[in-house]
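Trainee: Can you read through this structure? Questions will come right after.
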Amino acid sequence: MQTEVRHERWELAAPFVIAHETYLHADVIVATLSCDGAVGRGECTPTAFYGESVGGVMETVRELLARLARGESWDRIHDHIPAGAARNAVDCACWDLRAKLAKRRVWELAGVPAPGQVRTAQTISVGDAAQQADKARAIVVTDGDGALIKLKLDAHDIVARVAAVRDAAPAATLVIDANESWDPVLLDGVMPALQAAHVAMVEQPLPVGKDDALARIERRVPVCADESAHVGADLDALRGRYDLVNVKLDKTGGLTEALRMTARARQLGFGLMVGCMEGTSLGMAPATLVAGAARFVDLDGPLLIGRDRDPGLHYQRGLVSPPSAALWG
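What follows is the structure, given as structure tokens:
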């Protein structure tokens with residue numbers, strides 16, 4: 000078996016602003032495994048917010064690939080590796096290689112339904128009301144009235160910005176992502192306005208570790224856990240606080256745990272969202288296997304970068320199609 004780990008930087012089409020950070024590019028790590036003429040690849044995005052760095056993730060990926068090259072079984076070591084970006088890249092590369100060697104698709108090997116075309120959110124980064132409304136109008140022009148818009152917000156001018164976007168896109172499904180920037184009093188205070196604006200979901204309004212207040216707040220709009228939910232083992236503690244959980248492969252540490260987390264979430268009665276970090280179609284492709292079970296899909300990473308891989312996922316009018324075998328799986 001031959002292995003390779005590579006850092007790639009993909010420039011974003013425009014600055015991407017969330018409550019606590021601005022992104023100008025996506026730094027991704029690609030893990031490659033080659034065996035008997037077959038090549039498997041996996042992509043991850045290190046996240047500084049979770050204590051990850053490009054150098055640290057590359058080193059961990061390199062160590063994991065070396066263990067595989069020495070003949071260790073990924074199935075035996077997977078659960079002993081911490082969840083996160085490094086495990087994600089290697090896990091997805093292993094799934095891809097297995098599929099290529101078996102001349103089958105990953106979903107056949109995983110025993111899950113074949114992915115189909117799904118509607119993905121298009122994300123509007125933090126800005127003032129007029130800027131966000133203009134971006135919402137542009138999304139509706141391309142995606143139509145069925146558009147799914149994800150609105151990034153901080154703790155300022157919430158009601159005004161939501162109202163402006165709703166006026167600009169009256170028929171769109173609208174979800175909000177606060178990235179932990181609100182407090183319980185603020186959340187409780189804006190809930191009636193969010194309900195009146197027909198907001199479909201609020202993602203991670205309160206900081207991790209301070210979200211127990213959600214059990215006492217009337218959730219007029221469903222609330223989704225993102226930063227509070229990394230793996231399936233996190234979910235039991237979230238019951239009574241959250242209505243949905245966001246499954247991201249860079250948090251779960253790959254497709255293997257994403258499938259487990261999805262199953263556990265459904266057992267516990269959580270609705271599902273499938274999300275992503277910034278990245279290319281290679282990073283999004285494995286998430287399409289769990290997207291079919293999700294109420295909300297947010298796999299617009301390739302739409303945020305200036306150019307994508309070739310071949311990449313096919314996006315048209317807000318819909319994203321499953322990956323070709325040439326891309327992944």
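If you count by numbering that gives the first Met the number 0, then the sequence shown holds residues 0 to 328, one letter each, in order.
Cβ atoms here follow ideal geometry from the backbone N, Cα and C, with glycine treated the same way.
Model, not experiment: these values are computed from the prediction.
#1: DSSP beta-bridge partners for residue 318?
#2: Can you tell me where the alpha helix (DSSP H) with residue 3 in it begins and where it stops?
#3: Between 246, 89, 12, 228, which lies nearest to residue 5 when the distance is taken from Cα to Cα?
#4: Where in the region 165 to 216 do unbroken runs of the beta strand (DSSP E), each at least 3 residues long, occur, reported from the N-terminal end onward?
#5: Can you give me the start and stop residues for the beta strand (DSSP E) that residue 47 sits inside?
#6: Grouping DSSP H, G and I as helix and E and B as strand, with all else coil, what is residue 299?
#7: In three-state DSSP terms, what is residue 21?
#8: Can residue 111 and residue 234 be called in contact, C-beta distance under 9 Å?
#9: Over what stretch of residues does the alpha helix (DSSP H) that includes residue 76 continue unbroken?
#10: From this set, 306, 130, 244, 169, which residue's C-alpha is nearest residue 280's C-alpha?
#11: If you draw a straight line from the C-alpha of residue 78 to the C-alpha of residue 188, how long is it?
#12: Can you tell me where the beta strand (DSSP E) holding residue 43 begins and where it ends?
#13: Using DSSP's beta-bridge definition, name the partner residues of residue 245.
#14: Residue 191: buried (16+ other C-beta within 10 angstroms of its C-beta) or exposed?
#15: Give the secondary structure of residue 26 by DSSP, where H, G and I count as helix, E and B as strand, and everything else as coil.
#16: With three or more C-beta pairs closer than 8 Å as the rule, is the region 258 to 267 touching the region 80 to 98?
Mentor: For this structure:
#1: As a first step, residue 318 is located in the sequence shown; it is residue number 319 there, counting from the start. Beta-bridge pairing links residue 318 to 118, 315.
#2: One-based indexing of the sequence shown puts residue 3 at position 4. Careful: residue 3 lies outside any alpha helix (DSSP H), inside the beta strand (DSSP E) at 1 to 17.
#3: Looking up residue 5 in the sequence shown gives position 6. Of the listed residues, the one whose Cα sits closest to residue 5 is 89.
#4: 172 to 176, 198 to 202
#5: Here residue 47 refers to the residue found at position 48 of the sequence shown. That residue, residue 47, is in no beta strand (DSSP E); it is neither H nor E in DSSP.
#6: By one-based count along the sequence shown, residue 299 stands at place 300. If DSSP states are grouped into helix, strand and coil, residue 299 belongs with coil.
#7: As a first step, residue 21 must be located in the sequence shown, where it is residue number 22. In this structure, residue 21 counts as strand in the three-state DSSP scheme.
#8: The sequence position of residue 111 within the sequence shown is 112, counting from 1. The sequence position of residue 234 within the sequence shown is 235, counting from 1. No, they are not a contact pair.
#9: Numbered from its first residue, the sequence shown carries residue 76 at position 77. Start and end: 73 to 76.
#10: Position 281 of the sequence shown, counted from the start, is the residue given in the question as residue 280. Minimum Cα distance to residue 280 is reached at 306.
#11: The sequence position of residue 78 within the sequence shown is 79, counting from 1. The sequence position of residue 188 within the sequence shown is 189, counting from 1. Each residue's Cα considered, the two are about 42 Å apart.
#12: As a position in the sequence shown, residue 43 is number 44, starting the count at 1. Here the beta strand (DSSP E) through residue 43 covers 37 to 43.
#13: Within the sequence shown, numbered from 1, the residue matching residue 245 stands at position 246. Looking at the DSSP assignment, residue 245 forms a beta bridge with 272.
#14: Taking the first residue of the sequence shown as position 1, residue 191 is located at position 192. Under this definition residue 191 is an exposed residue.
#15: Counted from its first residue, the sequence shown places residue 26 at position 27. Strand, per DSSP.
#16: no
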